[in-house]
Structure formats: structure tokens, C-alpha cells
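For reference, the structure discussed in these notes is given below.
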Amino acid sequence: MPRSTTPGYLNALGLLCALGEGKQAVADALFAGDTSGMRAEAGWVPERCLTVGAVHADLPAMPAGFEASHSRNNQLLLAAAQQIEAELQAAIARYGAHRVGLVLGTSTSGIREAGDSIARHVNEGELPATYDYAQQEMAAPATFLADWLGLSGPVYCQSTACTSSARALLSAHRLLNQGLCDAVICGGVDSLCRLTLNGFSSLEAVSAEPCNPFSVNRHGINIGEAAALFLMTREPAPIAFFGGGATSDAHHISAPHPEGLGARAAMEKALTSAGIAASEIVYLNLHGTATRHNDSMESKAVRALFPNGLPCSSSKPMTGHTLGAAGALEAAFCWLTLSEYNRDGLLPPHLWDGQHDPELAPLELVPPGARLTREQGRYLMSNSFAFGGNNVALILGDAP
């Protein structure tokens, strides 16, 4: 099957989440099934103690001259960017600032700081001196990082809820294929904040206990925070981005299509984009939120497309659902799975109580210690689904 697009190469990766900071630390925790970063915390939602996936690393201060851009989101983003700053600067020097693009996904931007500032205004009658409306604009993370790096190529943010950063990778790939950029910095970032936690709580979608995807005992999601940042170019590297598929079934403002029609269509489009058959996928990172509706429709869609089964897992019990950052973070887990940082050739395990819901289509959920079935020629898929029936599937693999 011919590919509909030319692969992009993922030359660098910076990331941090509840699993840790940096490629090796996150890889070690991911393949070990480490849930120690998921902790019960009070104070996010009134009268509730919730399990959340917070980043506990020390975050960098905002650079001189960027004090007005201060937000936890931008600090997370800066921490990820600093991990690969040498590679980013080398790309800018090679191609020119005007030929390097930047596309990010986010759903919270700086709303955490805006919420704190508005609370002070309500309680004390004035906004803090540090308040700046631009902190909460959806493009704020991309604008900040582009200004810090001195970029003059295309710069923007995607905000399609929980598919935001998956769409950022799709957009980066498109910029390369259209010849508009020679390199694109792409990924996503979202931080914990009361707005999102209270919003999901009002939908009765948040679990106080650790989330339990695809179990009969599942009670909803845990929320997390993360930043994941790739450098995508046409220059060959060991791991390639082969493409992806996106659909919007618009079934409901918050509930997915019960049969997973849009989710399956996104996966089918991804396979067409990559020019491969479903049988060539060796692992699937599930969206796997542990909500009643998502797990039901995703299991149906996956089983229909992969009737013979394939190893799959949800990484959210180890990180929480990182919302706008989830697509890039879970693509990063696929990247780590294929990389030298996966010292023992393991697959990300599916952590749950092992109590299958008989109403769900059966899936081949990865047990701890399971290994990749091949050493080369491997294709991995990652699913992201969002409010409004927004669906994205991405495919990464060994470079051709």
C-alpha cells in the first residue's frame, strides 16, 4: 500500500510528567509500571480528595525579559525545551529561523494563573500586579517558546481538547510535506488547574481512586499534567512519524459515538496515511481513560479494526489524563518504546485490577514484562479522543 505522505523524522524529544523528567527517567518508570507519581491530593475540588498526576520536578524560572509570560504551563514547556535546546538551536542554525515552525497543543494555557488572579480580585478587589490577560490566551505557549528561540516561521497552537497535541504532530508533518518548513518543533503542554478538575468533576467523570481502564470496576479518569516536545524534520533519524488520521463525528458535546465509528475511521485514515495494513501494527497505545463511555466505544473500534488482536495498553494509570498534552505524551511513549532508552525491549504495561468488563469487546492488554515481538520494521499506533467527537490516531515506527 503506497504512503499518502512522506515520513517525518523525530530527531529529538524532551518530556516531563508524573513518571519523571527526561527520556531515560521516564522510560525506566514507564516500562516498570511505576505509579508512584499518582498521588491523592485535596484542594483541587471542594470536599474531594482526588488522585492526580502532578509533575514534582523543580521547574525553571522564566528567562529574563519573559516575566509577563509566567505560567506553570510555560514553565513545563520550558523544562521540556531545555532538555533538547542543543538540537533546537542546531536546527535553527542549519535551516534559518524563518524555516523552523512551531506547533503546540494545549487546553489550559495559563488559565491556572488567571483563575488565581481573578480569585484575588473577587476577594480583595484588585488584580495582582503580575496579572496579564495574555497568559491565558490559547496561543500563549507557542508564542512564548517561539520568542525565546527567536523563530520567525509558522507558529501556532491547536486547542481541540484531548486531541490537541496529537493534532499538533499532524500539523507539523503537514508543514514539512507542503514544503513550508524544514523543521518543526511540535508537541503539547497542559498543567493541573482547578478549572479542568472541577469541570470533569461536574461531569461525574473523575475518579478519587487510581483510574482502572477497561475494568468492570472503573469509575472515571485521573487528571495529570505534562509537556512533551519533538523536533520533526526530513533528516533521517532512527524513529519516524509515518502519519495519522483525524475525524470529527460530532456525536455529542462530551460523549463519544457509542459504536466508536469516528475512532475507527481515524485509525483507518492513519493506516492509509502510513501506507500499511492493520496487521503491521505491533502495539497500540489506547486512549483508555477509564470512563464508561470511552472504554466501551474504544474497545469496539479496536476490536473491529484488529479482529485478531494486538498488544495494547493505556498509560494513564501512570500519568493521569494530561488533556491537551496527552497526544504528544503518548506518542512520546511510543518513541521511547522504539528507542535505545527501552533497555529491555519492553512494552508499556496496562495497569488495572484484571477484572474484565463482560460488556466490553475483549482486548489484548499488555501485562507487565511483555516484550516487543520484533526488533525492527515496527509500527506503533497511538489513539487520542476528545470532546465533540474529535478523534486522532498517530503512527510512529522504525525509520525506513
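According to the numbering used here, the stretch in the sequence shown is residues 1 to 400, in order.
C-beta atoms are modelled at their ideal positions from N, C-alpha and C, and glycine is treated no differently.
Just so we're clear, the structure is a prediction, and the values are computed from it rather than from any experiment.
With 16 other Cβ atoms within 10 Å as the buried cut-off, status of residue i
{"i": "Gly244", "result": "buried"}
{"i": "Glu330", "result": "buried"}
{"i": "Ala263", "result": "buried"}
{"i": "Ala270", "result": "buried"}
{"i": "Ile253", "result": "exposed"}
{"i": "Cys312", "result": "buried"}
{"i": "His121", "result": "exposed"}
{"i": "Asp344", "result": "exposed"}
{"i": "Arg112", "result": "buried"}
Close Cβ partners of residue i (< 8 Å) along its chain, the five nearest in sequence each way excluded
{"i": "Ala142", "result": "Leu102, Val103, Leu104, Val155, Tyr156 and Cys157"}
{"i": "Glu204", "result": "Gly220"}
{"i": "Asp353", "result": "Asn212, Ser215 and Asn217"}
{"i": "Pro2", "result": "Gly275"}
{"i": "Leu197", "result": "Trp44, Val45, Leu50, Val52, Val206 and Ile223"}
Residue i in three-state terms, based on DSSP
{"i": "Trp352", "result": "coil"}
{"i": "Gly20", "result": "strand"}
{"i": "Gln178", "result": "coil"}
{"i": "Asp190", "result": "strand"}
{"i": "Gln158", "result": "strand"}
{"i": "Tyr283", "result": "strand"}
{"i": "Glu364", "result": "strand"}
{"i": "Tyr379", "result": "strand"}
{"i": "Asn427", "result": "Since the displayed the chain opens at 1 and closes at 400, residue 427 lies outside it and no answer follows."}
{"i": "Leu231", "result": "strand"}
{"i": "Gly243", "result": "strand"}
{"i": "Arg3", "result": "coil"}
N- and C-terminal bounds of the alpha helix (DSSP H) containing residue i
{"i": "Met297", "result": "Arg292 to Leu305"}
{"i": "Phe333", "result": "Ala326 to Leu338"}
{"i": "Met318", "result": "Lys316 to Thr319"}
{"i": "Thr51", "result": "That residue, Thr51, is in no alpha helix (DSSP H); its beta strand (DSSP E) goes Arg48 to Gly53."}
{"i": "Leu271", "result": "Leu261 to Ala274"}
{"i": "Leu88", "result": "Glu85 to Tyr95"}
Residue i - containing beta strand (DSSP E), residue span
{"i": "Glu41", "result": "Met38 to Val45"}
{"i": "Asp249", "result": "From DSSP, Asp249 is part of no beta strand (DSSP E); its letter is neither H nor E."}
{"i": "Met138", "result": "Looking at the DSSP string, Met138 is not in any beta strand (DSSP E), and its letter there is neither H nor E."}
{"i": "Arg120", "result": "That residue, Arg120, is in no beta strand (DSSP E); its alpha helix (DSSP H) goes Ile111 to Glu124."}
{"i": "Cys211", "result": "Premise fails: Cys211 is in no beta strand (DSSP E) and is neither H nor E."}
{"i": "Pro311", "result": "Pro311 to Ser313"}
{"i": "Asn409", "result": "Residue 409 cannot be examined here, being either before or after the span of the chain that is shown, 1 to 400."}
{"i": "Gly101", "result": "Val100 to Gly105"}
Neighbourhood of residue i by C-beta, 7 Å cutoff - its chain only, sequence neighbours within 5 removed
{"i": "Asp132", "result": "Ala68"}
{"i": "Ala361", "result": "Ser299, Lys300 and Arg303"}
{"i": "Ala32", "result": "none"}
{"i": "Gly259", "result": "Correcting the residue type first, residue 259 is Glu in the shown sequence and not Gly. Within the same chain, Glu259 has close Cβ partners Met297 and Lys300."}
{"i": "Gln136", "result": "Ser109, Gly110, Ile111 and Ala114"}
CB of residue i within 8 Å of CB of residue j, strictly
{"i": "Leu396", "j": "Phe241", "result": "yes"}
{"i": "Asp182", "j": "Ala325", "result": "no"}
{"i": "Ala246", "j": "Ala266", "result": "yes"}
{"i": "Thr319", "j": "Gly224", "result": "yes"}
{"i": "Ala328", "j": "Ala228", "result": "yes"}
{"i": "His56", "j": "Met62", "result": "no"}
{"i": "Leu13", "j": "Leu30", "result": "no"}
{"i": "Ala370", "j": "Leu338", "result": "no"}
{"i": "Leu305", "j": "Asn383", "result": "no"}
{"i": "Gly389", "j": "Ser248", "result": "yes"}
Same chain, Cβ closer than 6 Å to residue i, neighbours up to 5 away in sequence not counted
{"i": "Ala97", "result": "Gly150, Leu151 and Ser152"}
{"i": "Gln24", "result": "Tyr341"}
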